[in-house]
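Notes follow the structure.
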Amino acid sequence: MAENVRVGIFRERDDVPLPSYATGSSSGVDLRAGERAAIPPGARLAVGTGLHLEIPEGFECQVRPRSGMALKYGVTVLNAPGTIDADYRGEIRVILINHGEEPFRIEKGDRIAQMVLARVDRLVWEEVMDLSETPRGSGGFGSTGKK
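As structure tokens, this is what we get:
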């Protein structure tokens with residue numbers, strides 16, 4: 000069962016709805032544009048949401064693409080997943096890129112991305128002289144094959 004975590008939210012404007020889950024089993028809430036915009040083919044733009052968050056310590060929010068926008072229009076979140084750190088208090092802006100062939104128009108209130116709350120563990124480095132052996136070893140970038 001999912002845990003409910005309180006996240007403070009401030010809206011610059013109340014004419015854009017709060018982020019919400021599309022269904023009862025959705026993993027992320029839909030983020031909506033707080034402004035009108037147009038993204039030419041091949042261009043990128045940081046679209047404002049008008050939202051500011053107070054994320055609890057030990058968590059982050061991840062901004063992810065909407066699959067329908069990617070498939071239908073070739074528009075996606077450029078730095079997916081984008082990370083919103085717990086100590087950030089500025090406006091949430093979504094960096095979108097238009098890989099499509101037509102300009103992509105955004106109206107205020109359009110769903111432009113989804114946001115997932117994620118627990119964050121802290122790394123504690125343990126410097127060692129050797130690493131354990133694995134069958135993969137140092138193979139990377141396709142070394143495990145395609146099939």
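Numbering that gives the first Met the number 0 puts the sequence shown at residues 0 to 146.
Just so it is clear, CB atoms sit at the ideal spot from N, CA and C, and this is done for glycine as well.
All of these numbers come straight from a predicted model, not from anything done at the bench.
- [ ] Measure the CB-CB distance between Ala85 and Glu59 and report whether it falls below 8 Å.
- [x] Mapped onto the sequence shown, residue 85 falls at position 86. Mapped onto the sequence shown, residue 59 falls at position 60. Between Ala85 and Glu59, the gap from beta carbon to beta carbon is short of 8 Å.
TODO: State buried or exposed for Asn3, treating a residue as buried only when at least 16 other CB atoms are found within 10 Å of its CB.
DONE: As a working mapping, residue 3 is identified with position 4 in the sequence shown. By the Cβ-count criterion, Asn3 is exposed, with fewer than 16 other Cβ atoms from all chains shown falling within 10 Å of its own Cβ.
Task: Exposure of Thr133, with buried meaning 16 or more beta-carbon neighbours within 10 Å - done: Taking the sequence shown and counting its residues from 1, the one referred to as residue 133 is at position 134. Under the 10 Å beta carbon count, Thr133 is surrounded by fewer than 16 other beta carbons and is classified as exposed.
TODO: Please indicate yes or no: does the CB of Arg31 lie closer than 7 Å to some heavy atom of the ligand SAM?
DONE: No copy of the ligand SAM occurs in the structure displayed, which carries no ligand at all.
Open item on the list: I need the boundaries of the alpha helix (DSSP H) containing Ala69, first residue and last residue.
Closed with: Stepping through the sequence shown from its first residue, residue 69 is reached at position 70. Residues Ser66 to Tyr72.
TODO: Determine the closest residue to Thr48 out of Asp120, Ile105 and Glu101, with distance taken between C-alpha atoms.
DONE: Walking along the sequence shown from the start, residue 48 turns up at place 49. Ranking the options by Cα distance to Thr48, first place goes to Ile105.
- [ ] Work out the CA separation of Glu101 and Val28 for me, nearest whole Å.
- [x] As a position in the sequence shown, residue 28 is number 29, starting the count at 1. As a position in the sequence shown, residue 101 is number 102, starting the count at 1. Whole-angstrom Cα-Cα distance: 27 Å.
TODO: Provide the residue span of the beta strand (DSSP E) that contains Ile54, from first to last.
DONE: To locate residue 54, count along the sequence shown from 1; it is residue 55. Counting along the chain, Ile54 falls outside any beta strand (DSSP E), and DSSP gives it neither H nor E.
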